[in-house]
Amino acid sequence: AETLRLKDLEKLEQTQAADKMGIHQSTFQRTLTRAREKISDAIINGKAIKIQGGNYKMPGLDGTGPLGQGPFTGRGRGQGFGMPPTKCVCPNCGYQETKKPGVPCAGLVCPKCKTRMVRG
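What the sequence shown shows, in our numbering, is residues 160 to 279, in sequence order.
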């Protein structure tokens, strides 16, 4: 996550970002490439993204959660923590259908607008 933040959000050159992290530029490049591969895989295939390790704070830098209402108040918490998704959703038009066990949402196409579905 740190490599993505430094390169993509702070717009640092790789050598500057690597110096800031205290690593070699080649290590930074490998880490950045792998992070982008994981994010692409998650987005395209409807997989979860889990951030682990290190110290990080929620948006707002105060630890209150994405909505400023305390931890575990972000998107997707209505089903309960750690529960599997119960629906597939079209990110384009909002069409929803019940998730079928063993059938990935990313393998479904919206019948209304022909966009690939995602887990909801």
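Just so you know, even glycine gets a beta-carbon here, dropped at the ideal spot from N, CA and C.
Taking the Cβ atoms as the reference, K179 lies roughly 7 Å from L171, within the contact range of under 8 Å.
Residues of the same chain with a CB within less than 8 Å of the CB of V268, apart from the 5 flanking positions on each side, are T274, R275, M276 in chain order. Going by C-alpha positions, I198 is about 9 Å away from A207. For T274, no alpha helix (DSSP H) segment is defined, and its DSSP state is neither H nor E. N251 is positioned such that its CB atom lies closer than 9 Å to that of C272.
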